[in-house]
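Let me begin by presenting the structure, written as structure tokens, before commenting on it.
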Amino acid sequence: MAKVHLWASLRRFADGQEVVEVDAATVGQMMDALERAHPGLGPAIKAGLSVAVDGEVIANNRAAPVGPQSEVYLLQRLKGG
Amino acid sequence: MSKIHVSTIVNGDPVEFLANPRETLLDALRNQLDLTGTKEGCGTGDCGACSVVVDGTLVCSCLMLAAEANGKKVETIEGMAGEELHPLQRKFIEHAALQCGYCTPGILVAAKALLERNPDPTDTEVRYWLAGNLCRCTGYDKIIRAVQDAAAEMRGAA
Amino acid sequence: MRYHTPTSFADAAVIAAAATGTLRFLAGGTDVLVQMRAGVVQPDDLIDLKHIPGVDEIEQTPDGGWKIGIAVPGIVLGAHDALVRDWPGVVEGMNLVGSTQVQGRATLAGNLCNGSPAADSVPGLIAAGATVTVTGPNGSREVPVEQVPAGPGRTNLAKGEVVSRITLPPRGKNGGDCYLRFIPRTEMDIAVVGCAVSLRLDGDRIVEARVALGAVAPTVILSDAAAKAIIGTTLDDAALAALTKAAQAEAKPISDKRGTKEFRIEVAGVLARRAAKIAYDRAKGLTK
Amino acid sequence: MARDDVKTGYKLIGTRPNRPDGLDKVTGRARYGADFSLPGMLHAAVVRSPHAHARIVKIDASKALALDGVKAVVTRADLPTGLTGEDLNLQDNTLAGERALYDGHAVAAVAATSALLAQDAARLIEVTYEVLPHVTDVDAAMAPGAPVIREGVADFSVPEGMHGNVARYMEFGHGDVEAGFAAADIVREHTYKTEATHQGYIEPHACVGQMGEDGRGEMWVCTQGHWYIRRMSAAVLGIDAANLRVTPSEIGGGFGGKTTIFMEPLSLALSRKAGGRPVKLVMSRSEVLRATGPTASASMDVKLGMKSDGTITAGQVYFRMQGGAFPGMSPIGEALPCAFACYDIPALKHEAVEVIANRPKAAAYRAPGSPMAAFAVESLVDEMCRELKLDPIAVRLKNGATNGSKSSYGPVYNVIGLKETLEAAKDHLNYTVPLGPNQGRGVASGFWFNHGGETSVTLAVGEDGTATVMIGTPDIGGSRASIGLMVAETLGIPYENVRVNVVETGALGVNEPTHGSRATFASGKAAVEAARHAMTEMCRRAAADWGIDPEAVEWKDGAAHPAGPNAGKFPPMTIGEIGSKMGSTGGPISGHHEVTAEGVGASFGTHVVDVEVDPETGRTTILRYLVVQDAGTAIHPAYVEGQYQGGAAQGIGWALNEEYVYGADGRLQNPIFLDYRVPVASDLPMIDTVIIEVPNPGHPYGVRGVGETGITPPLPAVASAIAGATGARIRSLPCSPPKVLAAIMAARA
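Take a look at the structure:
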């Protein structure tokens, strides 16, 4: 199970958990599983999220692999000037 | 509102057009004469993108009525290069002294006017002469270097 | 908008007197065109004064003073060596207006008649004791420069009147003047505070002085108190302190986007002190 | 053309050839937004609200429409209804609905046969307003009793009980900050403020739009991203994206401000109403300053714990930012992760709220959020270094992030160059020049994530062996040159044989704008892949000609070669030969690559500035300025330096004199360049640069992207240098002379 770290202000949508464990092989599956487990996270996910999987930033790729031992951090979708 | 007949020499060519009395020289150059190399950045004389030379004097064409150009000689960026680029133009390319390039025509026209008065300016003199030409991309560093390099080349050639 | 190109001030005055809508005179145009572009002013009549003979000339009077045409741009003033030698403060004030490009157009008369309390050329003219010739439908009169501005954007000229010439008095011996302004950048700003000092020496002692402060009141202040603070002195530290205090007491600024009231008062004193020192050194012939 | 150094073995990358658009730009031929004209074209003008907040009671355009030559007026009633989310915000900003939300908010637009006539007509459109209470300051907008300027702006993230103007909330962190503060020798806490600034591109927004009654249209526009213009304009007007063809002009600067729409759909709406005649719409400078995206203003609390040896034990920030009258526009989501991105600190807490105010809809501005965050955090780090008499570079080296550090916002830094920038700054001559009276030195580091994003590139091989590259990221700072260098390096052909064109929306797949420092990184990466794609095909053509297996052919130096002795002996087949006969070997040869580019490399820089402050007037002069930044690989070093210098100049402007000044009436008081004071040439010294190259493993040539980080350190570095010169710490930007003088006098008293 991949460990998904939620930033603090997201935790209230996941019963206060800092880390949610999900079964997923890709970033897309991970997002879908998160939303199924905690529908309150839906608006945040729909607003657009980036992730860091095992330290590497995945800006926007649902197909990027997630391993069973992966540490995943959710990040705001980033852009720039 | 009757229009005013304006007869001028632009970059050596005689041109005539009818100006709205409120029309600026900048708008006439761009819209009537299709000389769009002269740019508007502010319309208030604060950015220098519209710099042209009228009867030998560097001015902002946004601060002059088209009607006032009657009987005068106007030089714009389009008249700067002959068969070859002016040394300033060449040095601006070589020194990467432009990024977006929008301020570049005005700066080139202004720098040329400077070097005609003062062929060997200090960096400070270049900076103060060009203080009315805003550039937001370069931080001016490469512009000053390009002007000085062109000045040195022109002095050597003279 | 009607665009007029009279060839005499008498004609200009007649056109101006007959105008019923919004009227503007065009000398350098660096203020009028900005106002037109912004839609702040939409003149019905615009009188271009540059077709009047002599408006682009600088002429020395028999007594050693100077007559300056109303369409002489800053860049021409700055290149006039004899004028700069006599009145460096007047010329440096004008040359601080806007950019090189603006200098190619902007004029003393326009800067004065625009009515801005922050106009850079006006304190120098006032300190110098300059006058302007005002021509109206009924003839001309001579007016001290300090009596022209009435408040921000306004002058004391009557309908149909136009400034037709600027006259600087003879500089005479042992005189010097200077104009300094404070701006946040090095160029391209409107003065937050301005100060001009003109003085004359007898030996090391100041025998005449005029001090004008800009941008610290609705119109430029000609300060007797500040002048008195240095007249009779050698501009020693005590005199400079008195001048600082007098200038600060005279300043009645407002806080606005360009600076706070407190800042303007403080800096009015600083500039008065600095300008007086430069004018003094010029009067002594130590500097240009 | 010799490389600046030879360590990489590249032939072209690292050289400084002339940019392909240089000639057009020095001769006035380059066509920018306002330089396009079409037959039958009309000119438009926009009516804007003079009130910060007002209900629009009535719009009467009858007098305008009665003028000969006035062809169309559009108001909100001409736009479709039913939009939601950001599409609705974009539409609301394009033309006000029931309420005008800021000074300068567009209310109506008019098209006429000349620009002067359109301006006259705009003045004749009578709008009746009912003025409503307003608020413009970030802290005032959250204060109890502040008018709620729009109901229901809070998104899911805002906890119960916050002010009605709060639109978003964020919190994250790690470690035990209380324990960290307890372990510190000194704990210091201050509030820092930055005022809104504008990107200040010299080219005002401009476009020509044409649309018939069938809803099919075209637009020529200055923009950083024409697919964004297409998508947003289509949404605002309720048309299909495919029916709008958008061609980017040359762009006269953007810095993030041209990544979105402001008035572009109005040209199309007016055109449609005027029987399909093209409509040119050009903003004045005051319209740009009043009604296009400045950056957010910010109010920021920072708390840091430091041991006497300089070890930072914990950090905490609470940022409040307003991004105008629309939610989602302030960069809190960027500012927070940037706050401590340069550090490896065991315990951190980040919190931020976004609040709306009666100001224009903010847009991205060069490293959005990072300069403000850096001003707050780096200023406090400097204050504590001075208090503890520690060298600011040594403290940053001690606490700085390095390879393998876990970043403050989650990801682990792979290969980064922060410490290299600090070491180079420490060793630079500028750091050792003795300072005179009233002089001070400031140091700060800065960070930007960099961005990949949606990218499409196509490369076509010509019959003569040249290559045409079609990219979709408008070139602002020389990216056509850098992409041309990478393609030429990859293909092994001369730089001059590659032409890179920025093409319109009808000619290429979707692209994000030139933003996030991504053009040379992402379009460059995709262009290299497109070149490789073409190389594979060219190898296949050669193999077919030689009658050998395609795998037995390799590409080098601009030609297909048999790979190894077993492939057979054939003379190399050049790209020119392959191109000349491609019609008879299977048809035209192209490569293409479409990707959401990943693999960005984080960007770090360190700046050192020396200032002199006039103790009697508070005026600051920049004496010396040094930018040290990691480029990854500098493809075209001259344009890398240009980005560093330009970023520094913008940051200096932000630090010293640029600010939005609002009156008590909520109107912008300085909407012209006379009073919105960007640095002029005489304000600045030469800006020294050092390019650090720690290649990014996520790019074929190691590119990181260099556009944004440079604006970040100047804010705190300048303020710290002023503190060094005067003893007075300015915690509220800009460090304008009245503020500095007041601080000096207060410190003396």
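Keeping their order, the protein sequence lines are chains W, P, Z and H.
FYI, the numbering for the first sequence is 1 to 81, going by the working numbering.
FYI, the numbering for the second sequence is 1 to 158, going by the working numbering.
FYI, the numbering for the third sequence is 1 to 288, going by the working numbering.
FYI, the numbering for the fourth sequence is 1 to 749, going by the working numbering.
Cβ coordinates follow ideal geometry from the N, Cα and C atoms, glycine included.
Nothing here was measured: the structure is a model prediction, and the numbers come from that model.
| Query | Result |
| --- | --- |
| Hey, which unbroken runs of the beta strand (DSSP E) at 3 residues or more fall wholly within the stretch 211-249 of chain H? | 217-221 and 244-248 |
| To the nearest angstrom, how far is the alpha carbon of residue 10 of chain W from that of residue 368 of chain H? | 23 Å |
| Three Cβ pairs or more, each shorter than 8 Å: is that satisfied between the stretch 28-44 of chain H and the stretch 103-114 of chain H? | yes |
| According to DSSP, is residue 243 of chain Z part of a helix, a strand, or is it coil? | helix |
| Let me know the secondary structure DSSP gives residue 177 of chain Z once reduced to three states. | strand |
| Ordered along the chain, which non-local residues of its own chain (more than five positions away) have a Cβ less than 7 Å from that of residue 61 of chain W? | 27 |
| Bridge partners of residue 597 of chain H, per DSSP? | H:453 |
| Which whole-angstrom value is the C-beta distance of residue 507 of chain H and residue 591 of chain H, which I expect to be below 8 Å? | Wrong, their Cβ atoms sit about 15 Å apart, outside the cutoff. |
| Run down chain C in chain order and give the residues with a C-beta less than 8 Å from the C-beta of residue 99 of chain Z. | The chain inventory of the structure shown lacks chain C, comprising the protein chains W, P, Z and H. |
| With respect to the alpha helix (DSSP H) encompassing residue 373 of chain H, which residues constitute its N-terminal and C-terminal limits? | 370-387 |
| Roughly how many angstroms lie between the CA atoms of residue 57 of chain Z and residue 49 of chain Z, to the nearest whole one? | 13 Å |
| According to DSSP, simplified to helix, strand and coil, what is residue 122 of chain P? | coil |
| Can you tell me whether DSSP reads residue 5 of chain H as helix, strand or coil? | Interpretation of residue 5 of chain H is limited by its pLDDT of 47, a score under 50 that renders its predicted location unreliable; no figure is taken from the coordinates. |
| According to DSSP, simplified to helix, strand and coil, what is residue 3 of chain P? | coil |
| Tell me whether the beta-carbon of residue 25 of chain P lies closer than 8 Å to the beta-carbon of residue 85 of chain P. | no |
| Please give me, in chain order, every unbroken run of the beta strand (DSSP E) with length at least 3 that falls completely inside the stretch 620-654 of chain H. | 620-630 |
| With DSSP run on the structure shown, which of helix, strand or coil describes residue 188 of chain Z? | coil |
| Among H:257, H:239, H:284 and H:251, whose alpha-carbon lies nearest the alpha-carbon of residue 265 of chain H? | H:239 |
| Taking 8 Å as the CB-CB limit, is residue 677 of chain H close to chain Z? | yes |
| Around the C-beta of residue 199 of chain H, are 16 or more other C-beta atoms found within 10 angstroms, so that it is buried, or is it exposed? | buried |
| Under 8 Å between C-beta atoms, does residue 457 of chain H make it to chain W? | no |
| Here's the rule: buried if 16 or more other CB atoms are within 10 angstroms of the residue's CB, otherwise exposed. What is residue 16 of chain P? | exposed |
| So which of H:186, H:435 and H:503 has the shortest CA-CA distance to residue 383 of chain H? | H:186 |
| Using CA coordinates, which residue listed in H:98, H:121, H:435 and H:116 is at the minimum distance from residue 63 of chain H? | H:121 |
| Measuring only between beta-carbons, confirm whether residue 187 of chain Z sits less than 8 Å from chain P. | yes |
| Which residues of the stretch 237-248 of chain Z have a Cβ closer than 8 Å to any Cβ of chain H? Give them in chain order. | none |
| Determine the direct distance from the alpha carbon of residue 321 of chain H to that of residue 659 of chain H, and round the result to whole angstroms. | 15 Å |
| Pull the bridge partners of residue 168 of chain H from the DSSP assignment, please. | H:354 |
| Below 8 Å on C-beta distance, what does residue 57 of chain W contact in chain H? | 411, 449, 598 and 600 |
| For residue 294 of chain H, which option in H:260, H:17 and H:229 has the closest C-alpha, if you only look at C-alpha atoms? | H:260 |
| Just to confirm my understanding: we take residue 5 of chain Z, look at its own chain, exclude 5 residues before and 5 after, and list those with CB closer than 7 Å. What are they? | 48 and 51 |
| Quick one: does residue 6 of chain H have its CB under 8 Å from some CB of chain Z? | Bear in mind that the predicted position of residue 6 of chain H carries a pLDDT of just 44, short of 50, making it unreliable; the figure below should be weighed with that in mind. No, residue 6 of chain H does not count as interfacial toward chain Z. |
| Hey, how far is the Cα of residue 193 of chain Z from the Cα of residue 745 of chain H? | 18 Å |
| Please classify residue 329 of chain H as buried or exposed, where buried requires at least 16 other C-beta atoms within 10 Å of its C-beta. | buried |
| Just mark residue 353 of chain H as buried or exposed, buried being the case when its beta carbon has 16 or more other beta carbons within 10 Å. | buried |
| Please report whether the beta-carbon of residue 766 of chain H lies at a distance below 8 Å from any beta-carbon of chain Z. | As displayed, chain H neither begins before 1 nor continues past 749, which places residue 766 of chain H out of reach and without an answer. |
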